[in-house]
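*Asks:* Counting from 0, one number per residue, gives the positions in the sequence shown under numbering that gives the first Met the number 0.
Backbone N, C-alpha and C fix where the C-beta goes; we use that ideal spot for every residue, glycine too.
My questions will all concern the structure given below.
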Amino acid sequence: MKKIVYVLGLFFLSACSNDFLEIYPETALSEGTFYKSETEYILLANGCYVPMQTYEKVEHWVMAELISDNGSFQYSTVTGEASKGVIDQFILASNNVAYANFWNFSYNGITRCNKLLAEIDRTGVTWSKESFKKRCAGEAQFLRALYYFNLVRQFGGVPLVLTPIESREAVGIKRSTEEQVYENIISDLKAAVENFNGATDVKENGRANEGAALALLGKVYLTQRKYAEAAAALKTVIESGKYSLLPNYADVFNPSSKDFKETIFAVQYSENSAALSNRFLFWFAPWTSAGAITGRPGISLVGGGWNQPTDDLVNAFEAGDKRKDVSIKFWNGADWDGVVRPIPYCAKYKAPLSSPVDRSSDNMPVLRYSDVLLLYAEALNQQGNTAEAIPYVQQVRNRAGLTQSLAGSSKTALETLIAKERQVEFCFENQRWYDLKRTGKAVEVMTAHGQREKAKKSFLYNTAYEVTPTKLLAPIPEEQVLVNKINQNPGY
Numbered sequence: 000m001k002k003i004v005y006v007l008g009l010f011f012l013s014a015c016s017n018d019f020l021e022i023y024p025e026t027a028l029s030e031g032t033f034y035k036s037e038t039e040y041i042l043l044a045n046g047c048y049v050p051m052q053t054y055e056k057v058e059h060w061v062m063a064e065l066i067s068d069n070g071s072f073q074y075s076t077v078t079g080e081a082s083k084g085v086i087d088q089f090i091l092a093s094n095n096v097a098y099a100n101f102w103n104f105s106y107n108g109i110t111r112c113n114k115l116l117a118e119i120d121r122t123g124v125t126w127s128k129e130s131f132k133k134r135c136a137g138e139a140q141f142l143r144a145l146y147y148f149n150l151v152r153q154f155g156g157v158p159l160v161l162t163p164i165e166s167r168e169a170v171g172i173k174r175s176t177e178e179q180v181y182e183n184i185i186s187d188l189k190a191a192v193e194n195f196n197g198a199t200d201v202k203e204n205g206r207a208n209e210g211a212a213l214a215l216l217g218k219v220y221l222t223q224r225k226y227a228e229a230a231a232a233l234k235t236v237i238e239s240g241k242y243s244l245l246p247n248y249a250d251v252f253n254p255s256s257k258d259f260k261e262t263i264f265a266v267q268y269s270e271n272s273a274a275l276s277n278r279f280l281f282w283f284a285p286w287t288s289a290g291a292i293t294g295r296p297g298i299s300l301v302g303g304g305w306n307q308p309t310d311d312l313v314n315a316f317e318a319g320d321k322r323k324d325v326s327i328k329f330w331n332g333a334d335w336d337g338v339v340r341p342i343p344y345c346a347k348y349k350a351p352l353s354s355p356v357d358r359s360s361d362n363m364p365v366l367r368y369s370d371v372l373l374l375y376a377e378a379l380n381q382q383g384n385t386a387e388a389i390p391y392v393q394q395v396r397n398r399a400g401l402t403q404s405l406a407g408s409s410k411t412a413l414e415t416l417i418a419k420e421r422q423v424e425f426c427f428e429n430q431r432w433y434d435l436k437r438t439g440k441a442v443e444v445m446t447a448h449g450q451r452e453k454a455k456k457s458f459l460y461n462t463a464y465e466v467t468p469t470k471l472l473a474p475i476p477e478e479q480v481l482v483n484k485i486n487q488n489p490g491y
């Protein structure tokens with residue numbers, strides 16, 4: 000029997016092997032003997048989440064937050080710079096392992112989604128409820144859309160693979176255009192909404208649902224500057240009444256509870272195993288101080304010093320903004336130059352490390368209700384409906400303790416304010432780089448940011464922060480260019 004081999008280029012499902020979910024062996028999936036029960040399909044749907052869980056904790060924050068004016072790295076002779084540091088300095092190269100890993104895990108997830116969608120209508124399978132079958136399909140459609148959305152925002156047009164393929168078929172697949180990729184993303188999300196059919200359960204933050212599909216659809220439309228369509232999708236989420244802001248911003252990141260009405264979709268983690276956990280608390284701690292910050296004074300390793308808040312981010316918070324103390328803390332310790340000073344670090348991810356290993360269970364938010372409110376306000380404002388947009392921005396600011404009225408704000412002033420609100424509301428949630436690109440501010444903002452960074456950090460390369468329009472797209476991974484003959488992006 001024909002075996003389905005999950006590849007595009009040089010990635011294999013074995014690269015994602017872990018015990019997040021107990022799924023069947025994936026390197027030899029026989030079409031005639033696999034997936035004969037509802038349980039097996041549900042396990043397959045579960046498996047569609049696994050690659051995202053992996054790249055969110057390892058690569059995505061590097062490529063979506065560290066690269067921006069929000070995050071930096073704390074250089075030391077111990078940690079050096081490595082693949083993460085050069086991306087922070089905007090020195091982008093196709094042989095950087097971060098790009099290869101992100102690409103491979105993304106297509107790994109897409110392949111799993113393709114397998115489920117190709118198999119789910121197979122005859123001979125009895126479903127206890129038709130809604131279970133539709134939900135499985137909806138989850139795969141949502142996740143495939145999200146995988147492709149992240150790929151197209153990073154690389155531009157990418158190979159659009161929508162069916163299971165064999166290894167020999169993977170070589171030579173050409174890049175689709177950005178427009179073609181976006182068309183399929185939108186098609187998948189619309190189909191997902193239909194399959195979920197109102198069965199949104201906000202208590203299952205780890206699983207996709209109708210609200211997540213609509214919220215992502217709104218963000219996709221906004222990225223394409225289709226403001227009316229974006230507003231319609233986001234308004235549906237708001238008017239559903241199924242989501243709301245938590246009274247206190249700090250509660251959104253409370254590690255003792257992950258069941259929030261504000262969380263629309265988040266990547267789930269647990270400290271129960273290495274595969275299920277992340278190391279955000281450890282990696283984002285200043286490299287000289289992990290023990291004190293993590294509550295593990297006996298830990299033998301130093302902190303990572305990654306995703307260090309920049310001065311630009313620290314200064315972006317207004318006086319009295321309650322979000323600042325939740326997002327950023329300071330550690331008084333030796334910095335890269337040996338001088339003892341208050342060192343800022345990301346404080347959002349604070350679930351204690353489990354003993355005896357450095358495992359943490361903080362989830363990574365992907366879509367929050369405050370995101371929907373600010374996206375909706377942006378969509379309205381861009382259509383000239385500034386007065387209608389203001390209350391949605393005001394909701395987010397009121398919770399942060401910024402209660403001064405925004406009434407009478409101009410379209411330009413509100414546009415600037417929304418951008419600033421998004422920077423501080425979602426710092427360290429992998430949104431900043433995409434926001435800068437979407438709003439056309441990336442080159443301007445990052446050039447100015449780079450000048451400030453180079454003025455105070457003597458260890459930066461001479462070629463650091465050479466930000467040009469061609470670098471707004473990441474380089475296609477070297478292995479894909481050499482082996483699969485995929486055309487490289489200009490400038491690399």
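(1) At which residues does the alpha helix (DSSP H) containing V151 begin and terminate?
(2) Using a threshold of 8 Å, state whether the C-beta atoms of C135 and I109 are closer than that.
(3) Please classify P476: is it buried, with 16 or more other beta-carbons within 10 angstroms of its beta-carbon, or exposed?
(4) Nearest by alpha-carbon distance to S404: which of L373, P390, I417 is it?
(5) What residues match up with I66 in a beta bridge as DSSP calls it?
(6) I'd like to know whether the C-beta atoms of A63 and W335 end up nearer to each other than 8 Å.
(7) Please state whether DSSP places F283 in a helix, a strand or coil.
(8) Return the chain-ordered list of same chain residues with a C-beta closer than 7 Å to the C-beta of G155, the five sequence neighbours on each side being excluded.
(9) Tell me the rounded alpha-carbon separation between A27 and A92.
(10) Should the stretch 372–384 be called in touch with the stretch 276–294, which here means at least 3 C-beta pairs below 8 Å?
(11) Taking the Cβ atom as the reference point for each residue, do V325 and A346 lie within a distance shorter than 8 Å?
(12) Does the pairing of the stretch 378–390 with the stretch 235–251 give three or more beta-carbon distances under 8 Å?
(13) Count the other C-beta atoms from every protein chain shown that fall within 10 angstroms of the C-beta of E55, then say buried if there are 16 or more, exposed otherwise.
(14) Quick check: the Cα distance between G400 and Y368, rounded to an integer number of angstroms?
(15) What residue from G84, T122, A97, A144 has the CA that sits closest to N113's CA?
(16) What does the Cβ neighbour count give for G137, buried or exposed, with the cut at 16 atoms within 10 Å?
(17) Nearest CA to the CA of P364: which residue from L116, F195, Q267?
(18) Assuming the contact rule is C-beta atoms closer than 8 Å, Q73 and P341 should be a hit. Round their C-beta distance to whole Å, please.
(19) Considering only their Cβ atoms, is the gap separating V482 from V466 smaller than 8 Å?
(20) May I ask you to report which of helix, strand or coil DSSP gives C345?
(21) What residues in its chain sit with their C-beta under 6 Å from that of P308, if we drop five residues either side in the sequence?
(22) Considering only residues of the same chain and omitting the five flanking positions on each side of P474, which have a CB-CB separation below 7 Å?
(23) Taking 8 Å as the threshold (C-beta atoms), are Y348 and F279 in contact?
(24) Report yes if the CB atom of Y40 is closer than 8 Å to the CB atom of L142, and no otherwise.
(25) Going by beta carbon distance, what residues of the same chain come within less than 6 Å of G449, once the five residues before and after it are set aside?
(26) With G332 as the anchor, note down where its beta strand (DSSP E) starts and where it stops.
(27) Can you check which of these residues, E317, V480, V423, K132, is closest to G494 by C-alpha distance?
(28) Going by C-alpha distance, which of T53, T125, E129 is nearest N194?
(29) Rounded to whole angstroms, what is the Cα-Cα separation between N271 and S360?
(30) Evaluate N429 with the Cβ neighbour count: other Cβ atoms within 10 Å of its Cβ, from every protein chain shown; 16 or more gives buried, anything less gives exposed.
(31) Round the Cβ separation of S276 and R358 to the nearest angstrom and send it over; I've been treating them as touching at under 8 Å.
(32) Quick check on V392: buried or exposed, where buried means 16 or more other Cβ atoms within 10 Å of its Cβ?
(33) May I ask you to list the residues that DSSP assigns as paired with Q307?
(34) Give the C-beta separation of F281 and L366 to the nearest angstrom, bearing in mind that I take them to be a contact with Cβ-Cβ under 8 Å.
(35) Could you check the C-alpha separation between Y34 and A117 for me, to the nearest Å?
(36) State the start and end residues of the unbroken alpha helix (DSSP H) segment that holds T38.
*Replies:* The short version:
(1) Residue numbering aside, residue 151 sits at position 152 when the sequence shown is read from its first letter. Note, V151: alpha helix (DSSP H), 129–154.
(2) The residue given as residue 135 occupies position 136 in the sequence shown. The residue given as residue 109 occupies position 110 in the sequence shown. Against a cut-off of 8 Å, the Cβ pair of I109 and C135 comes out as no contact.
(3) Your numbering for residue 476 matches position 477 in the sequence shown. P476 sits buried, since 16 or more C-beta atoms from the chains shown fall within 10 Å of its C-beta.
(4) Here residue 404 refers to the residue found at position 405 of the sequence shown. Minimum Cα-Cα distance from S404 among the listed residues L373, P390, I417 corresponds to P390.
(5) Numbered from its first residue, the sequence shown carries residue 66 at position 67. I66 is not bridged to any residue.
(6) Position 64 of the sequence shown, counted from the first residue, corresponds to residue 63. Position 336 of the sequence shown, counted from the first residue, corresponds to residue 335. Their beta carbons are not under 8 Å apart, which means A63 does not touch W335 by this criterion.
(7) Along the sequence shown, one-based indexing puts residue 283 at 284. DSSP places F283 in helix when its eight states are reduced to three.
(8) Taking the sequence shown and counting its residues from 1, one reaches residue 155 at position 156. For G155, where only same-chain residues beyond five positions count, the Cβ hits under 7 Å are E177, L472, N488.
(9) As a first step, residue 27 is located in the sequence shown; it is residue number 28 there, counting from the start. As a first step, residue 92 is located in the sequence shown; it is residue number 93 there, counting from the start. Confidence at A27 is low in this model, with a pLDDT of 35, below 50, so its placement is unreliable and no value can be given for it.
(10) The stretch 372–384, when compared against the stretch 276–294, does not touch it at the 8 Å Cβ threshold.
(11) Here residue 325 corresponds to residue number 326 of the sequence shown, with the count starting at 1. Here residue 346 corresponds to residue number 347 of the sequence shown, with the count starting at 1. Yes, Cβ-Cβ distance for V325 and A346 is below 8 Å.
(12) The stretch 378–390, when compared against the stretch 235–251, does not touch it at the 8 Å Cβ threshold.
(13) Indexing the sequence shown from 1 puts residue 55 at position 56. Classification for E55: buried.
(14) Taking the first residue of the sequence shown as 1, we reach residue 400 at position 401. Taking the first residue of the sequence shown as 1, we reach residue 368 at position 369. Rounded to whole angstroms, G400 to Y368 spans 18 Å at the Cα level.
(15) Taking the sequence shown and counting its residues from 1, one reaches residue 113 at position 114. Here the closest residue by C-alpha is A144.
(16) Here the question's residue 137 lines up with position 138 in the sequence shown. Buried is the call here.
(17) Within the sequence shown, the letter at position 365 stands for residue 364. Checking every option, the nearest Cα to that of P364 belongs to Q267.
(18) Locating residue 73 in the sequence shown gives position 74, where the first residue counts as 1. Locating residue 341 in the sequence shown gives position 342, where the first residue counts as 1. Not quite, the Cβ-Cβ distance comes to about 13 Å (not below 8 Å), so this is no contact.
(19) Locating residue 466 in the sequence shown gives position 467, counting from the first residue. Locating residue 482 in the sequence shown gives position 483, counting from the first residue. For V466 and V482, no; Cβs fall outside 8 Å.
(20) Locating residue 345 in the sequence shown gives position 346, counting from the first residue. In this structure, C345 counts as strand in the three-state DSSP scheme.
(21) Numbered from its first residue, the sequence shown carries residue 308 at position 309. Only I327, P343 meet the Cβ criterion.
(22) To locate residue 474, count along the sequence shown from 1; it is residue 475. So the list reads L91, A92, S93, Y98, Q487, N488, Y491, once near-sequence residues are dropped.
(23) As a working mapping, residue 279 is identified with position 280 in the sequence shown. As a working mapping, residue 348 is identified with position 349 in the sequence shown. Against a cut-off of 8 Å, the Cβ pair of Y348 and F279 comes out as a contact.
(24) Here residue 40 refers to the residue found at position 41 when the sequence shown is read from its first residue. Here residue 142 refers to the residue found at position 143 when the sequence shown is read from its first residue. Cβ distance not < 8 Å, so Y40 and L142 don't count as in contact.
(25) As a working note, residue 449 is residue 450 in the sequence shown. For G449, same chain residues with a beta-carbon under 6 Å away, outside a window of 5 residues either side, are Y464 in chain order.
(26) The residue given as residue 332 occupies position 333 in the sequence shown. It spans 327–333 - the beta strand (DSSP E) in which G332 sits, taken as one unbroken run.
(27) The question about residue 494 has no answer here: the residues shown for the chain are numbered 0 through 491.
(28) As a first step, residue 194 is located in the sequence shown; it is residue number 195 there, counting from the start. Closest option to N194, Cα to Cα, is E129.
(29) Within the sequence shown, numbered from 1, the residue matching residue 271 stands at position 272. Within the sequence shown, numbered from 1, the residue matching residue 360 stands at position 361. Spanning the two alpha carbons is a distance of roughly 8 Å.
(30) Mapped onto the sequence shown, residue 429 falls at position 430. Classification of N429: buried, given that the 10 Å Cβ count is 16 or more.
(31) The sequence position of residue 276 within the sequence shown is 277, counting from 1. The sequence position of residue 358 within the sequence shown is 359, counting from 1. In this structure S276 touches R358 by the C-beta definition: roughly 4 Å separates them, less than 8 Å.
(32) Taking the sequence shown and counting its residues from 1, one reaches residue 392 at position 393. It is buried - the Cβ of V392 has at least 16 other Cβ atoms within 10 Å.
(33) Position 308 of the sequence shown, counted from the first residue, corresponds to residue 307. Paired residue(s): S71.
(34) Here residue 281 refers to the residue found at position 282 of the sequence shown. Here residue 366 refers to the residue found at position 367 of the sequence shown. Not confirmed; about 26 Å, so no contact.
(35) Counted from its first residue, the sequence shown places residue 34 at position 35. Counted from its first residue, the sequence shown places residue 117 at position 118. Distance between the alpha carbons of Y34 and A117: 11 Å.
(36) Indexing the sequence shown from 1 puts residue 38 at position 39. T38: member of the alpha helix (DSSP H) spanning 37–46, first to last residue.
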